[in-house]
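K.L.:
Residue numbers (the numbering used here), protein chains in the order written: chain A, 4 to 362; chain B, 242 to 386; chain C, 370 to 791.
Ideal Cβ positions, reconstructed from N, Cα and C, are used throughout, including at glycine.
Quantities reported herein were computed from a predicted structural model and do not represent experimental measurements.
Take a look at this one; I'll ask things after.
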Amino acid sequence: MTEQLFAWLDERLDLSGLRAFVAEKTVPVHRHSVWYYMGGITLFLVGVQVATGILLLLYYRPSASEAYESVQFIVSQVEFGWLIRNLHSWSANLLILMAFVHLFSTFFLRAYRKPRELTWITGVLLLFIMMGFGFSGYLLPWNELAFFATKVGTGIAGALPFVGDFMVRFLRGGDDVTGATLTRFYGIHVAILPAMTTALLGTHLLLIQRQGMSVPPSVEKREKAGETIPQEPFFPNYVLHDVMWWYVALAVLAALALFLPWELGKKADAFAAVPAGIRPEWYFLAMFQTLKLIPSHVLGFEGEMLGVMGFNVAAVLLFLVPFLDRKNPDGRQNPFITFAGVVAVVYLIVFTIYGYLAA
Amino acid sequence: MVTRRNFLDRLLALGFVSTAVSILYPVWRYIIPPAAAEPATDSVIAGKIAEFKPNTGALVKFGTKPAILVRTSDGQFKAFNAVCTHLECTVQYKAETSQIWCACHNGLYDLSGSVVSGPPPRPLEVFKVNLRGEPGQEDVVISRA
Amino acid sequence: MATWPRNFLFAALVGGVLASAAPAAAQAAPPSGCQTCHGDQAQPALAAPARDFAGTDVHRDRGFTCVDCHGGNPNETDKAKAKAPATGFKGKPAGQMVIAVCSRCHSDAALMRKYAPKQRVDQAVEYATSVHGQQLAKGDTKVATCVSCHGAHGVRLVGDAQSPVYVLNVATTCTKCHADADRMKGYMLPDGSPLPTDQRAKYEKSVHHAAMVKGNDLSAPTCNDCHGNHGAAPPGVGAIANVCGTCHTVFATKFALSTHSQIFDRSCVECHGNHDIAEPTDAMLGTDKAALCTNCHTEGDNGSKAATAMRSEIEKLKEAISHSQALVASAENAGMEMGEQSLALREAANQLTLARTEMHAFDPKPVSAVLQAGLGITAKVDSEGQAALAEVSYRRTGLAVSLGAILLVVVALALKIRSLRA
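This is how it looks when you write it as C-alpha cells:
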C-alpha cells in the first residue's frame with residue numbers, strides 16, 4: 004500500500020531522485036560543528052511562532068476595545084489558551100536570541116565569505132524582520148506596558164532627519180499611539196512581515212542547500228593542505244542532531260512556560276500616568292540605553308538623531324560585512340573584523356544588562 | 242531479544258509519539274470553541290426576555306463589574322452600571338418605589354440613573370439594552386452605550 | 370427681467386425704513402437721570418451703583434430701575450428736585466430698611482410668580498428667625514442683611530457661578546465677616562464662649578470641602594447646608610443628628626437606636642467634629658490610642674468591650690478581603706477566569722461598608738451579623754481561589770510531564786547519534 008503510494012507519487016514528483024540526493028548529501032564534521040545547529044533552532048522556533056500565531060488568530064481581536072479582553076479570553080476561557088500564548092511569547096524571545104547567536108556564530112566563523120554573501124544579507128534582513136515581529140507583536144495584547152513602550156519606541160523614529168515626523172505618523176497610523184496603531188501593527192505582524200519572511204527565508208534556505216555548508220577558514224586551510232575533513236551523512240546523522248536541538252529548544256520553551264508564565268498586565272489606558280519602569284523588550288534595550296546616554300545635543304546636532312543615525316550606519320555596515328572583510332595580503336584573516344565583532348557582542352551584552360539595572 | 246539499538250529505537254518512537262500527543266492534544270482542545278463563545282467586553286446577554294418580570298431588577302455580570310437590569314412596570318428594559326458612585330457598593334432595585342437603591346448609605350437613583358437623594362455624587366452609568374432573536378424568545382442584551 | 374429692478378428698489382426702501390426705525394424701538398427706556406448723574410461722580414462709592422447696575426443684574430434684566438428700590442424722580446435733572454421728599458426718595462437703605470425694600474417684592478407671592486414662579490417668598494420670615502435677624506431686631510447693625518450676601522447692584526441669580534451665593538462661593542461670602550476676628554469680637558455662642566473665627570480654615574480641611582472642590586460634587590455641603598441660608602443659625606443641641614441625617618440618613622437612623630443618642634449632647638459632632646469633619650476611619654473605633662471610644666470609656670467596661678469586639682471583627686473582614694484579593698489576583702495572573710470571585714469580593718466589600726454603617730448603633734450584635742456574612746463570602750472565594758490554583762498546578766503537572774517526554778527524546782536522540790557514529 005505505502006509502496007504503491009510512493010510509486011504513484013514518485014512517477015510524478017521524482018521522489019527517488021530526492022531520496023538519492025538526501026542519501027548522498029554529507030555535512031562536514033569539525034570542532035565548530037555545533038554552531039551549525041543554531042540556524043536550525045532558529046528555523047524551528049520560526050515554525051513554533053507560525054503554528055502558535057495561527058492558533059492565536061482564532062480568538063484574537065485587533066481593536067483597542069477588544070484586544071486586551073480577547074487575550075484575557077484566550078488565557079482564561081479557551082482551553083490551553085494560556086499555554087499557546089505563553090509559548091508564542093517565550094518562543095518569540097528565544098527566536099530573537101537564537102537569531103543573534105546564529106548571526107554571531109556565522110560572523111566569527113566567517114561563513115559569509117564568497118560565495119555566501121547573499122545568504123548573509125538575507126539573514127541580516129531576516130533578523131531585522133524578526134525584531135519587527137517582536138516590536139509589532141509586543142503591542143498586540145494592548146496592555147499598559149506595551150502601550151507606553153510602543154509610544155516611546157515609535158517616537159524614536161521621529162529623531163530621523165527629514166523623514167522623522169512622517170515615519171512617526173506612518174508607524175502609528177496617526178499622530179499618537181491609538182487603536183489605529185494597533186490595527187496597523189496587527190496587519191504588519193500577521194501579513195506583511197510573514198510574507199517577507201516567507202520570501203527571504205525561502206531564499207536563505209535555498210542558498211544554503213545550493214552552496215552546502217560553509218567550513219571555517221581554519222578547517223578550509225587544513226583541507227587545502229591536503230587533509231580530508233571527515234563528513235557525516237546528512238541523513239540520518241545530521242537530521243537527528245538537528246531534531247535533538249529542536250527538542251532541546253522545545254524543552255527550554257516548556258520549562259519557561261512552566262516556571263515563568265507570561266503575565267497579561269493591566270489594560271492600556273491612554274490617559275493613565277506612564278507607569279514606572281517603561282522599557283522595551285530586551286532586544287531593543289541596548290539601543291534604548293544608548294539613546295538615553297547620548298547628551299541631548301552633540302556638536303549642534305540633536306543627540307537622539309545622531310544615535311538613530313548611528314544605528315542606521317551600523318545596520319548598513321552589518322549588511323556590508325562580506326564586502327568589508329578583505330583578507331590581509333599574506334592570506335591571513337583580517338583581525339580587525341574579529342575585533343569589531345567582539346566589540347559589538349560586548350557592547351550588546353553590557354548595554355542590555357546596564358539597561359536592565361538602570362530601569 | 243531486545244538489543245540495545247532496538248531498545249533505543251523503541252524509546253525514541255515512544256518519545257516521539259508521546260511528545261506529539263502532548264503537542265497535538267492541547268492544540269485540539271484549543272481549537273474546540275470554549276463555553277463562552279466570545280469575550281464579554283462591550284455587551285453581555287442577560288437572559289431570555291421571559292426571565293424578567295415587570296417592576297423587577299436583576300444583577301448581571303458585565304465584564305468584571307455588576308450591571309443592574311431593570312424591567313419597568315410598563316415592560317421597558319433599562320440597564321445601568323450597578324456600582325454606586327458613592328463608595329462602590331452594589332445597588333439594587335427597589336420595587337416599592339420603582340427606584341434604584343444602594344443599601345450602604347441609602348443612595349437613591351431614579352430609572353434614568355440620576356441621583357434622587359443620598360450621598361452619591363454622580364448618576365449611574367447608563368447601558369444600552371437591546372432585544373435580539375425570535376419574538377417571545379428574545380435575548381436581552383446589555384451593551385455599553 | 371424688467372420688473373426685477375423695481376422690486377429690488379422697493380425691498381431696499383422698506384428695509385431701509387425698518388432699519389432706521391429699529392434703534393428707536395430699542396431705546397424705549399432712555400438712561401435715567403440717576404444713572405447719568407451717578408455715572409459722572411468722582412467718588413467711587415457714588416459712581417459704583419450706576420456702573421454695577423448697568424452690568425449684569427437680575428433686576429435690571431427684568432426691567433426694574435433705581436427708583437424701584439431707592440425712590441426719587443429719575444426724570445428730574447436737578448439733584449435736589451430728584452430727591453425731594455415728595456418723590457418717595459429713600460436714599461441708601463440700611464438695617465431693617467434693606468429687609469423691607471427687598472421683601473416688598475420678594476415676599477409678595479403674586480408679584481414673584483410673574484418673574485420666578487418657583488422661587489420661595491419666605492426669605493424675610495426666615496431671616497427674622499436667624500441670628501442675623503434677631504440681632505438686627507435688637508438694633509445691632511453690624512449683622513448681615515440681604516445685600517451683605519447677595520450684593521445690592523449687579524445682583525446675580527444663585528445659579529450664576531459669579532454670584533457670591535453660588536455654591537462654590539458661599540464659604541467665602543460667609544467668612545468675609547465670620548473669619549474677621551475684629552468684627553466677631555463680642556459675639557458669643559449659646560454656651561457663653563466667644564464666637565470662633567476659624568470655621569473656614571477648619572471647613573477647608575473637611576471631607577465635605579474636598580468632595581465639593583476636588584470631587585466636583587456641588588451637592589456636598591457648604592455653610593448654608595447645615596446652618597440654613599436666610600435663617601442662618603447654629604443647628605443647636607438636639608438638632609445636629611437631624612441636620613447631618615438629611616444626607617447621612619442611614620447613620621442617623623442607626624444612631625437613633627443607640628444609647629449614645631440619649632447621652633451625646635452634640636450627637637454626631639461628638640466623634641466627627643463639625644467644621645473640620647475628617648474622612649472617618651476604622652481607627653476611630655476601638656480602645657487603642659487613636660480610637661475615640663476611650664475618651665469616655667475605660668478598659669473593661671461594657672462600652673470598651675463592645676468597641677474592641679466590633680473593631681477586631683471589622684479588621685478580620687478587611688484582612689480576609691485583602692487575602693482573597695491577593696489569591697484571586699494570583700489565580701488571574703496564572704490565566705484562571707476569576708470574574709465571579711471578583712464580583713463576590715465586591716459583595717464582601719459591600720458587607721464591610723454596611724458594617725461600618727451598622728456600627729453607628731453601637732451594638733456589636735448586628736455588626737457581627739453583617740461581618741459574618743462578609744466572612745462567609747471571602748471563605749467561599751478563598752476555597753474557589755485555592756481550587757483555581759490547584760487547577761493551575763494540575764496544568765503545570767501536565768506541562769512538566771511533557772517536559773519529561775521531551776527530555777527523554779533529547780537523551781534518546783543523543784544516544785542514537787552516538788550509536789550511529791560508532
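So for Lys658(C), helix, strand or coil by DSSP?
P.N.:
In the third sequence, residue 658(C) corresponds to position 289, counting from 1. In the structure shown, Lys658(C) sits in coil (DSSP, three-state: anything other than H, G, I, E or B).
K.L.:
If we count the other Cβ atoms within 10 Å of its Cβ and call it buried at 16 or more, is Glu682(C) buried or exposed?
P.N.:
Position 313 of the third sequence, counted from the start, is the residue given in the question as residue 682(C). Result: buried.
K.L.:
Measuring only between beta-carbons, confirm whether Arg246(B) sits less than 8 Å from chain C.
P.N.:
Here residue 246(B) refers to the residue found at position 5 of the second sequence. It does: the Cβ of Arg246(B) has a partner Cβ on chain C nearer than 8 Å.
K.L.:
Can Ser94(A) and Pro280(B) be called in contact, C-beta distance under 8 Å?
P.N.:
Here the question's residue 94(A) lines up with position 91 in the first sequence. Here the question's residue 280(B) lines up with position 39 in the second sequence. Their beta carbons are not under 8 Å apart, which means Ser94(A) does not touch Pro280(B) by this criterion.
K.L.:
Using DSSP with H/G/I as helix, E/B as strand and the rest coil, what is Leu310(B)?
P.N.:
The residue you call residue 310(B) lines up with position 69 of the second sequence. Here Leu310(B) sits in strand by DSSP.
K.L.:
Does Pro563(C) pass the burial test, meaning 16 or more other C-beta atoms within 10 Å, or should it be called exposed?
P.N.:
Here residue 563(C) refers to the residue found at position 194 of the third sequence. It counts as exposed.
K.L.:
Taking 8 Å as the limit between beta carbons, can you name the residues of its chain near Thr313(B), skipping five residues before and five after?
P.N.:
Locating residue 313(B) in the second sequence gives position 72, where the first residue counts as 1. The answer, listed in chain order, is Pro295, Asn296, Lys319, Ser339 and Leu352.
K.L.:
Cys474(C) by DSSP, collapsed to three states: which one?
P.N.:
The residue labelled residue 474(C) in the question sits at position 105 within the third sequence. The answer is helix: DSSP assigns Cys474(C) an H, G or I state.
K.L.:
How big is the Cα-Cα spacing for Asn247(B) and Leu203(A)?
P.N.:
Here residue 247(B) corresponds to residue number 6 of the second sequence, with the count starting at 1. Here residue 203(A) corresponds to residue number 200 of the first sequence, with the count starting at 1. Here the alpha carbons of Leu203(A) and Asn247(B) stand approximately 41 Å from one another.
K.L.:
Name the chain B residues that come within less than 8 Å of Leu616(C), Cβ to Cβ?
P.N.:
Walking along the third sequence from the start, residue 616(C) turns up at place 247. Note that residue 616(C) is Cys in the sequence shown here, rather than Leu. Going along chain B in sequence order, the residues near Cys616(C) (Cβ under 8 Å) are Gly359 and Pro360.
K.L.:
Whose CA, out of Val539(C), Ile690(C), Met728(C) and Gly642(C), lies closest to the CA of Glu625(C)?
P.N.:
Within the third sequence, the letter at position 256 stands for residue 625(C). Here residue 625(C) turns out to be Ala, not Glu, going by the sequence shown. Nearest C-alpha to Ala625(C): Met728(C).
K.L.:
Does the segment 109-119 of chain A touch the segment 143-162 of chain A, meaning 3 or more C-beta pairs lie closer than 8 Å?
P.N.:
no
K.L.:
With 8 Å as the threshold, decide whether the Cβ of Pro275(B) is near any Cβ in chain A.
P.N.:
Numbered from its first residue, the second sequence carries residue 275(B) at position 34. Pro275(B) counts as touching chain A.
K.L.:
Would you report the Cα separation of Ala391(C) and Pro418(C), rounded to the nearest angstrom?
P.N.:
The count along the third sequence starts at 1 and reaches residue 391(C) at position 22. The count along the third sequence starts at 1 and reaches residue 418(C) at position 49. Only weak support is given to the placement of Ala391(C): the predicted model assigns it a pLDDT of 37, under 50, and the value that follows is read from those uncertain coordinates. Taking the straight line joining both Cα atoms gives about 29 Å.
K.L.:
Going by the DSSP bridge assignment, what does Cys592(C) pair with across the sheet?
P.N.:
Within the third sequence, the letter at position 223 stands for residue 592(C). Per DSSP, none; premise fails for Cys592(C).
K.L.:
Does any residue of chain B bring its CB to less than 8 Å from the CB of Ser68(A)?
P.N.:
On the first sequence, position 65 is the one that residue 68(A) refers to. Interface residue, yes.
K.L.:
Can you tell me whether Pro164(A) is buried or exposed, with buried defined as 16 or more other CB within 10 angstroms of its CB?
P.N.:
Within the first sequence, residue 164(A) is the residue found at index 161, counting from 1. Exposed is the call here.
K.L.:
Quick one: complete alpha helix (DSSP H) runs, 4+ long, within the segment 240-267 of chain A?
P.N.:
Unbroken alpha helix (DSSP H) stretches of 4 residues or longer found wholly inside the segment 240-267 of chain A: 242-262, given in chain order.
K.L.:
Which residue marks the beginning of the beta strand (DSSP E) containing Gly310(A), and which one marks its end?
P.N.:
Sequence index remark: in the first sequence, residue 310(A) carries index 307 (1-based). First-last for Gly310(A): Gly306 to Leu327, but that is the alpha helix (DSSP H), not the beta strand (DSSP E).
K.L.:
Taking only the alpha-carbon atoms, compute the straight-line gap between Lys734(C) and Thr55(A) and give it to the nearest angstrom.
P.N.:
Here residue 734(C) corresponds to residue number 365 of the third sequence, with the count starting at 1. Here residue 55(A) corresponds to residue number 52 of the first sequence, with the count starting at 1. Between Lys734(C) and Thr55(A), the C-alpha separation is close to 57 Å.
K.L.:
Which residues, in order along the segment 68-102 of chain A, keep a beta-carbon less than 8 Å from a beta-carbon of chain B?
P.N.:
Ser68, Glu69, Glu72, Ser73, Gln75, Phe76, Gln80, Val81, Glu82, Phe83, Gly84, Leu86 and Ile87
K.L.:
Can you check whether the C-beta of Pro144(A) is within less than 8 Å of a C-beta belonging to chain B?
P.N.:
Taking the first sequence and counting its residues from 1, the one referred to as residue 144(A) is at position 141. So, not an interface residue.
K.L.:
Between the segment 233-265 of chain A and chain C, which residues of the former have CB atoms less than 7 Å from a CB of the latter, in chain order?
P.N.:
Pro239, Asn240, Leu243, His244, Val246, Met247, Tyr250, Val251, Leu253, Ala254, Ala257, Ala258, Ala260, Leu261 and Pro264
K.L.:
Consider the Cβ of Leu61(A): report whether some Cβ of chain B lies at a distance smaller than 8 Å.
P.N.:
As a working mapping, residue 61(A) is identified with position 58 in the first sequence. Taking Cβ atoms only, chain B reaches closer than 8 Å to Leu61(A), which makes this a yes.
K.L.:
Assign Cys613(C) to buried or exposed, taking buried as 16 or more other Cβ atoms, counted over all protein chains shown, within 10 Å of its Cβ.
P.N.:
Residue 613(C) sits at position 244 when you count from the first residue of the third sequence. By the 10 Å Cβ count, Cys613(C) comes out buried.
K.L.:
If you count every other CB in all the chains shown that lies within 10 Å of the CB of Gln75(A), and 16 or more means buried, which is it?
P.N.:
What you label residue 75(A) is simply residue 72 of the first sequence in a count that begins at 1. When all chains shown are included, Gln75(A) counts as buried.
K.L.:
Would you check if there are 3 or more beta carbon pairs closer than 8 Å linking the segment 278-295 of chain A to the segment 143-154 of chain A?
P.N.:
yes
K.L.:
Are Gly754(C) and Leu696(C) closer than 8 Å when you measure CB to CB?
P.N.:
Position 385 of the third sequence, counted from the first residue, corresponds to residue 754(C). Position 327 of the third sequence, counted from the first residue, corresponds to residue 696(C). Yes; because the gap between Cβ atoms is below 8 Å, this pair is in contact.
K.L.:
Please state whether the Cβ-Cβ distance between Lys302(B) and Leu789(C) is less than 8 Å.
P.N.:
Numbered from its first residue, the second sequence carries residue 302(B) at position 61. Numbered from its first residue, the third sequence carries residue 789(C) at position 420. No.
K.L.:
Please name the residues in the segment 262-273 of chain B whose beta-carbon is closer than 8 Å to at least one beta-carbon of chain A, in chain order.
P.N.:
Pro267, Val268, Arg270, Tyr271, Ile272 and Ile273
K.L.:
Does the distance from the CB of Val490(C) to the CB of Ser476(C) come in under 8 Å?
P.N.:
Counting from one through the third sequence, the residue named residue 490(C) turns up at place 121. Counting from one through the third sequence, the residue named residue 476(C) turns up at place 107. Yes. Within cutoff.
K.L.:
Establish whether the CB of Thr260(B) and some CB of chain C are separated by less than 8 Å.
P.N.:
As a first step, residue 260(B) must be located in the second sequence, where it is residue number 19. Yes, its Cβ sits closer than 8 Å to a Cβ of chain C.
K.L.:
List the residues of chain B whose Cβ lies closer than 9 Å to the Cβ of Gly48(A), in chain order.
P.N.:
As a working mapping, residue 48(A) is identified with position 45 in the first sequence. Going by the sequence as given, residue 48(A) is Leu instead of Gly. One finds nothing in chain B with a Cβ atom closer than 9 Å to the Cβ of Leu48(A); even the nearest lies about 15 Å away.
K.L.:
Going by the C-beta, is Ala730(C) closer than 7 Å to any heavy atom of the ligand MN?
P.N.:
Although the ligand MN was asked about, the structure shown includes no ligands whatsoever.
K.L.:
Asn240(A): which of Ala791(C), Gly584(C) and Gly408(C) sits nearest, CA to CA?
P.N.:
Here residue 240(A) refers to the residue found at position 237 when the first sequence is read from its first residue. Among Ala791(C), Gly584(C) and Gly408(C), the Cα nearest to that of Asn240(A) is on Ala791(C).
K.L.:
Starting from Cys343(B), trace the alpha helix (DSSP H) in both directions and tell me its first and last residue.
P.N.:
The count along the second sequence starts at 1 and reaches residue 343(B) at position 102. First-last for Cys343(B): Gln340 to Cys343, but that is the beta strand (DSSP E), not the alpha helix (DSSP H).
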